[in-house]
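**Q**
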Amino acid sequence: MRNIIWGLLLWWLPLAAQGQDAPLSAFAKSVFTDEAGAELPYRLLLPPKYEKSGQFYPLALFLHGAGERGADNEAQLVHGAQLFLDSLGNYPAIVVFPQCRADGYWVAVEGRGGAWRLPFYKKPAEDMGRVMQLVKSLQDTYRVDTARMYLGGLSMGAFGAFDLLARWPDTFAAAFAICGGSNPLLAPLYAPHTPLWIFHGEADAVVPVEMSREMYKALQQAGGQVRYTAYPGVGHNSWEAAFAEPQLLEWLFAHKR
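Sequence positions in the sequence shown follow mature numbering (1 follows the signal peptide of the UniProt record, and there is no 0) and run -19 to -1, 1 to 238.
1. Mind checking which residues open and close the alpha helix (DSSP H) that includes residue 65?
2. With a threshold of 7 Å between beta carbons, is residue 189 in contact with chain B?
3. Which full runs of the beta strand (DSSP E) of 3+ residues lie inside the stretch 1 to 53, going along the chain?
4. In terms of alpha-carbon separation, which member of 28, 154, 155 and 162 lies closest to residue 144?
5. For residue 232, which three-state DSSP category applies?
6. Locate the beta strand (DSSP E) running through residue 138, then write down its first and last residues.
7. Grab the span of the alpha helix (DSSP H) containing residue 239 for me, first residue to last.
8. Could you check where the beta strand (DSSP E) with residue 210 kicks off and where it finishes?
9. Would you call residue 17 buried or exposed, if buried means 16 or more other Cβ atoms sit within 10 Å of its Cβ?
10. Going by the CB atoms, is the gap between residue 87 and residue 44 shorter than 7 Å?
11. From residue 107 to residue 114, what does the alpha carbon distance come to, in whole angstroms?
12. Looking only at its own chain, which residues have a Cβ that is under 7 Å from the Cβ of residue 152, when we skip the five neighbours before and after it?
13. Tell me the rounded alpha-carbon separation between residue 58 and residue 133.
14. Which term fits residue 121, buried or exposed, when burial requires 16 or more other beta carbons within 10 angstroms of its beta carbon?
15. Is it the case that the Cβ atoms of residue 136 and residue 180 are separated by a distance below 7 Å?
16. On the premise that residue 159 lies in contact with residue 186, defined as a C-beta separation below 8 Å, what is that separation, rounded to the nearest angstrom?
17. Between residue 182 and the rest of its own chain, which residues show a CB-CB distance below 6 Å, the 5 nearest in sequence each way excluded?
18. Could you check where the beta strand (DSSP E) with residue 156 kicks off and where it finishes?
19. Grab the span of the beta strand (DSSP E) containing residue 182 for me, first residue to last.
Written out as structure tokens, the structure reads:
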């Protein structure tokens, strides 16, 4: 029953992905393999001067939505990759786009008939666990400035971003979540540590806008630095408006732990 919500999302999300051109060639294709032999495809974008500079760079992790799951190691770049690529000159960073399995999920969300339940399990979902291992591996392999690590996600990936913040409250310097949600009771775990910018379309018929509103209020009450941007008349594809926000990456990369 855990995966039923993400399965229901699939009727809409693939349609939203049609006609999008992802900058596949700029992101190196790779696969992370955990100790059990399970694989996590991911794409990696390095700063243009990474090899010669010798300096440490920020790391930006982005979690895609349910419609981009699979094993092609390409679909996860449909939304968001162009934003980071176009801004690489102003915000040079190590950018990571992992891909969740076709039948997997970043975080367990339970529900039936429009009702949502957001339990928090001590053990992360399998794909999220591999993401956490991947991040640690990248820190060992590349020159990552651990004081400047950033997190973002949309739809299922936004739920995943909230989940990862709760598991790693002292890791990310800032994060953003688009058309997602989480259990408000978890907000005190990371509110004091990570500035967050939340986006949602007020006409979202897939993930209710109330879920972002509740998280915004919970984070405020927990003393967090949180921004909330709502888009009147916009449906589930509020990532288009969010990615067009001129201050998004400026705000994100301005933070440091």
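The beta carbon of each residue, even a glycine, is placed where N, CA and C say it ideally should be.
**A** Taking the geometry as given:
1. Along the sequence shown, read from residue 1 onward, the residue named residue 65 stands at position 84. 62 to 67 is the span of the alpha helix (DSSP H), which, as asked, contains residue 65.
2. Reference to chain B is not applicable here, since this structure consists of a single protein chain.
3. For the stretch 1 to 53, whole beta strand (DSSP E) runs of length 3 or above, ordered along the chain, are 9 to 14, 20 to 26 and 38 to 44.
4. Mapped onto the sequence shown, residue 144 falls at position 163. It is 162.
5. Within the sequence shown, residue 232 is the residue found at index 251, counting from 1. Helix.
6. Against the sequence shown, residue 138 aligns to sequence position 157. In this chain, residue 138 is not harboured by any beta strand (DSSP E); it is covered by the alpha helix (DSSP H) spanning 137 to 148.
7. No information on residue 239 is available, as it lies outside the stretch -19 to 238 that the chain covers here.
8. Residue numbering aside, residue 210 sits at position 229 when the sequence shown is read from its first letter. That run of the beta strand (DSSP E) goes 207 to 212.
9. In the sequence shown, counting from the first residue as 1, residue 17 sits at position 36. The residue in question, residue 17, is exposed, as its Cβ has fewer than 16 Cβ neighbours within 10 Å.
10. Along the sequence shown, read from residue 1 onward, the residue named residue 44 stands at position 63. Along the sequence shown, read from residue 1 onward, the residue named residue 87 stands at position 106. In this structure, residue 87 lies closer than 7 Å to residue 44 by Cβ.
11. Stepping through the sequence shown from its first residue, residue 107 is reached at position 126. Stepping through the sequence shown from its first residue, residue 114 is reached at position 133. So the two alpha carbons sit approximately 11 Å from each other.
12. Stepping through the sequence shown from its first residue, residue 152 is reached at position 171. Setting aside the 5 residues that flank it on each side, residue 152 is surrounded in the same chain by 130, each with a C-beta closer than 7 Å to its C-beta; the list follows chain order.
13. Position 77 of the sequence shown holds residue 58. Position 152 of the sequence shown holds residue 133. Rounded to the nearest angstrom, the two C-alpha atoms are 13 Å apart.
14. Locating residue 121 in the sequence shown gives position 140, where the first residue counts as 1. Exposed, by the Cβ-count rule.
15. For this step, residue 136 is matched to residue 155 along the sequence shown. For this step, residue 180 is matched to residue 199 along the sequence shown. In this structure, residue 136 sits away from residue 180, with a CB-CB distance that is not shorter than 7 Å.
16. Position 205 of the sequence shown, counting from 1, holds the residue named residue 186. Position 178 of the sequence shown, counting from 1, holds the residue named residue 159. Wrong, their Cβ atoms sit about 16 Å apart, outside the cutoff.
17. Your numbering for residue 182 matches position 201 in the sequence shown. So the list reads 212, 215, 216 and 219, once near-sequence residues are dropped.
18. Here residue 156 refers to the residue found at position 175 when the sequence shown is read from its first residue. In the DSSP annotation of this structure, the continuous segment of the beta strand (DSSP E) that includes residue 156 starts and ends at 155 to 159.
19. If you number the sequence shown from 1, residue 182 lands on position 201. Its beta strand (DSSP E) spans residues 177 to 182.
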